[in-house]
Amino acid sequence: MALLPILTAPDPVLKSKSKPVAAVDDRIRALLADMLETMYHAPGIGLAAPQIGVLERVIVMDIGRKEEDRDPISMINPEIVWASDEDNTYEEGCLSVPEHYSNVVRPAAVKVRYLDESGARQEIHADGLLATVVQHEMDHLDGILFIDHLSSLKRNMILRKLLKARKDAE
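Counting the sequence shown from 1 gives a position; our numbering is that position plus 122.
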């Protein structure tokens with residue numbers, strides 16, 4: 123397993139659409155393991171492959187706050203097959219948009235179909251925080267960041283701060 127560098131906005135890779143995974147093989151399983159290690163180290167509760175520069179439809183999540191509560195979920199080629207009419211608002215953050223948080227409105231519950239690490243088809247009903255996280259990570263697969271759900275004024279302000287922080291760090 124390896125810690126991978128996490129891309130930050132406005133890196134153009136983060137705005138790219140990911141391609142489906144053709145086969146769940148050892149390369150994908152190694153990618154999932156590296157993504158989980160990277161996510162836990164960051165620390166975060168979700169990570170999508172585009173955030174580490176891999177444009178494939180792969181995400182990992184774990185909403186367990188403490189190490190003993192960990193229950194990681196890995197999804198390959200996830201697709202939302204149902205979303206509730208009821209919405210929820212959560213204050214979201216993102217490892218690719220460090221130190222910025224904002225309220226985002228999303229469906230309160232979703233049903234997601236995906237392949238697991240063995241290539242078996244799975245389906246999960248997610249609500250609450252898990253529903254928010256899975257939708258947030260799936261957005262990454264389509265080149266969408268949580269700040270894209272904000273007003274253009276707020277989004278541009280965050281992007282300017284991220285650019286300035288990047289220039290200051292160089």
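Here a beta-carbon is modelled for each residue, glycine too, at the ideal position from N, C-alpha and C.
Where residue i falls, given that 16 or more other Cβ within 10 Å makes a residue buried
{"i": "ALA170", "result": "buried"}
{"i": "HIS163", "result": "exposed"}
{"i": "ARG192", "result": "exposed"}
{"i": "LEU274", "result": "Here residue 274 turns out to be Ser, not Leu, going by the sequence shown. Looking at its Cβ environment, which holds fewer than 16 other Cβ atoms inside 10 Å, SER274 is exposed."}
{"i": "ASN225", "result": "exposed"}
{"i": "LEU252", "result": "buried"}
Of the residues the options, the one placed nearest residue i, counting alpha carbons only
{"i": "LEU136", "options": "ASP147, THR160, CYS216, ALA152", "result": "CYS216"}
{"i": "LEU158", "options": "MET123, ASN210, PRO142", "result": "MET123"}
{"i": "ASP156", "options": "ILE174, VAL143, ASN225, LYS141", "result": "ILE174"}
{"i": "LEU153", "options": "GLU213, LEU125, PRO165, SER138", "result": "LEU125"}
{"i": "MET161", "options": "PRO194, ARG288, ASN199, LEU281", "result": "PRO194"}
{"i": "GLU221", "options": "SER196, ALA287, SER138, ALA144", "result": "ALA287"}
{"i": "LEU267", "options": "LEU251, ILE246, ASP290, GLU214", "result": "GLU214"}
{"i": "HIS271", "options": "VAL227, ARG151, VAL146", "result": "VAL227"}
Own chain partners of residue i with C-beta closer than 7 Å, once the 5 adjacent residues on each side are dropped
{"i": "ILE167", "result": "MET183, ASP184, ILE185, VAL255"}
Beta-carbon contacts of residue i that lie in its chain and below 6 Å, excluding the five residues immediately before and after
{"i": "SER140", "result": "PRO172, LEU177, GLU178, ARG179, LEU263"}
{"i": "GLU201", "result": "ARG235"}
Could I get the ranges of all uninterrupted beta strand (DSSP E) runs contained in the stretch 172 to 202, with 3 residues as the minimum, in chain order?
180 to 183
Mind the definition here: the stretch 182 to 192 touches the stretch 225 to 237 only if three or more C-beta pairs lie below 8 Å; say whether that holds.
no
Using 8 Å as the threshold, is the stretch 127 to 136 in touch with the stretch 243 to 256, meaning 3 or more CB pairs across them?
no
Inter-stretch contact (C-beta, 8 Å, three-pair minimum) for the stretch 202 to 209 and the stretch 261 to 277
no
Only counting runs of 4 or more residues, tell me where the alpha helix (DSSP H) segments fall wholly within the stretch 242 to 285, in order along the chain.
250 to 263
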